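Undergrad: Submitted below is the structure of interest, expressed as structure tokens.
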Amino acid sequence: MNVRNNTKLITINALLLAIGVILHQITPVLGLPMQPDFAITMLFIIIILNDNFKITMVSGTLMGIFTAMTTKFPGGQLPNVVDKIFTALIVFLFIALIKKSNILGRLSVEKRNNILMAIVLPLGTLVSGILFLGTAKIIVGLPASFSILFLTVVVPSVALNTVIGLVLYRIVEKSLRRASLL
-9 MNVRNNTKLI TINALLLAIG VILHQITPVL GLPMQPDFAI TMLFIIIILN
41 DNFKITMVSG TLMGIFTAMT TKFPGGQLPN VVDKIFTALI VFLFIALIKK
91 SNILGRLSVE KRNNILMAIV LPLGTLVSGI LFLGTAKIIV GLPASFSILF
141 LTVVVPSVAL NTVIGLVLYR IVEKSLRRAS LL
């Protein structure tokens, strides 16, 4: 890959990370000291668009650090970092497994990525929520039981992230296509 393409790639990923952090910061809390995690949605978009392990892990680490700085959950800094890094790894491996199995082999890249987003958004958000709650429970404790927080925060977040994530993905994809960056 030449320097010009590397610069474009770094710039696009930085913008997507920044959008994720801004969405994470401005998203309101859902009655509990937790919120839907649209930062993870942007992380999934980065993973699918790049299909690169190093970019996935760097983006997961950076998103973890950024969301730790903007978390509204008391003591949620370390759980955010752990959650984003491991979620990025799990999602990357899941996508690699799907691609290796060639289930979506004959589809165009655009259709394949749309299907991957529709699968990854709910599953990845679920993994992220479980990792966050589990890590928070071990490190700082939870304000309510794990199951109550899972049902009242994680499950609604899965639904919200899936719907809004698909919209965000389409916006990002169309923008990158118009700019001839995809």
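Numbering (the numbering used here), first residue to last: -9 to 172. C-beta atoms are modelled at their ideal positions from N, C-alpha and C, and glycine is treated no differently. Predicted model only: the values in this text are computed from it and were never measured.
Assign A134 to buried or exposed, taking buried as 16 or more other Cβ atoms, counted over all protein chains shown, within 10 Å of its Cβ.
TA: Mapped onto the sequence shown, residue 134 falls at position 144. Exposed.
Undergrad: Exposed or buried, what is P18 when buried is set at 16 or more other beta-carbons lying within 10 Å of its beta-carbon?
TA: For this step, residue 18 is matched to residue 28 along the sequence shown. With fewer than 16 Cβ atoms within 10 Å of its Cβ, P18 is classed as exposed.
Undergrad: Look at the alpha carbon of I45 and the alpha carbon of G131, and state the distance between them as a whole number of angstroms.
TA: Locating residue 45 in the sequence shown gives position 55, counting from the first residue. Locating residue 131 in the sequence shown gives position 141, counting from the first residue. Cα to Cα, I45 sits roughly 32 angstroms from G131.
Undergrad: If I'm right that F120 touches V144 with Cβ under 8 angstroms, what's the distance once you round it to whole angstroms?
TA: Stepping through the sequence shown from its first residue, residue 120 is reached at position 130. Stepping through the sequence shown from its first residue, residue 144 is reached at position 154. Before going on, a small fix: residue 120 reads as Ile here, not Phe. Confirmed, about 7 angstroms.
Undergrad: My understanding is that K74 touches T57, with C-beta atoms under 8 angstroms, so please give their C-beta distance in whole angstroms.
TA: Within the sequence shown, numbered from 1, the residue matching residue 74 stands at position 84. Within the sequence shown, numbered from 1, the residue matching residue 57 stands at position 67. That belief holds up - the Cβ atoms of K74 and T57 are roughly 6 angstroms apart, short of 8 angstroms.
Undergrad: Below 6 angstroms, is the gap between the Cβ of V99 and the nearest heavy atom of the ligand SAM?
TA: This structure does not include the ligand SAM; it has no bound ligands of any sort.
Undergrad: By the three-class DSSP mapping on this structure, what secondary structure does N151 have?
TA: As a working note, residue 151 is residue 161 in the sequence shown. Residue state, collapsed to three classes: helix.
Undergrad: Assuming M32 contacts G10 under a Cβ cut-off of 8 angstroms, what Cβ separation, rounded to an integer in Å, is found between them?
TA: The residue labelled residue 32 in the question sits at position 42 within the sequence shown. The residue labelled residue 10 in the question sits at position 20 within the sequence shown. So it is a contact: roughly 3 angstroms between Cβ atoms.
Undergrad: Any contact between the region 87 to 95 and the region -7 to 5? By contact I mean 3 or more CB pairs, one from each, below 8 angstroms.
TA: The answer is no - the region -7 to 5 does not touch the region 87 to 95, with fewer than three Cβ pairs under 8 angstroms.
Undergrad: Find the nearest neighbour of V72 within the set N92, R96, L94, M47, judged by alpha-carbon distance.
TA: Against the sequence shown, residue 72 aligns to sequence position 82. When each option's Cα is compared against that of V72, the closest is M47.
Undergrad: Run through DSSP, which three-state label would F63 get?
TA: Position 73 of the sequence shown holds residue 63. In the structure shown, F63 sits in coil (DSSP, three-state: anything other than H, G, I, E or B).
Undergrad: Helix, strand or coil for T17, going by three-state DSSP, please let me know.
TA: As a working mapping, residue 17 is identified with position 27 in the sequence shown. It is coil, neither helix nor strand.
Undergrad: To the nearest angstrom, how far is it from the Cα of P112 to the Cα of N151?
TA: Within the sequence shown, numbered from 1, the residue matching residue 112 stands at position 122. Within the sequence shown, numbered from 1, the residue matching residue 151 stands at position 161. Cα to Cα, P112 sits roughly 7 angstroms from N151.
Undergrad: Would you kindly report the start and end of the unbroken alpha helix (DSSP H) that includes F34?
TA: As a position in the sequence shown, residue 34 is number 44, starting the count at 1. Taken as a continuous stretch (DSSP letters only), the alpha helix (DSSP H) holding F34 covers 28 to 40.
Undergrad: Below 8 angstroms CB to CB, which residues in the same chain sit around T77 once its five sequence neighbours on both sides are set aside?
TA: In the sequence shown, residue 77 corresponds to position 87, counting from 1. Hits under 8 angstroms: I30, L33, G50, G114, V117, S118, L121.
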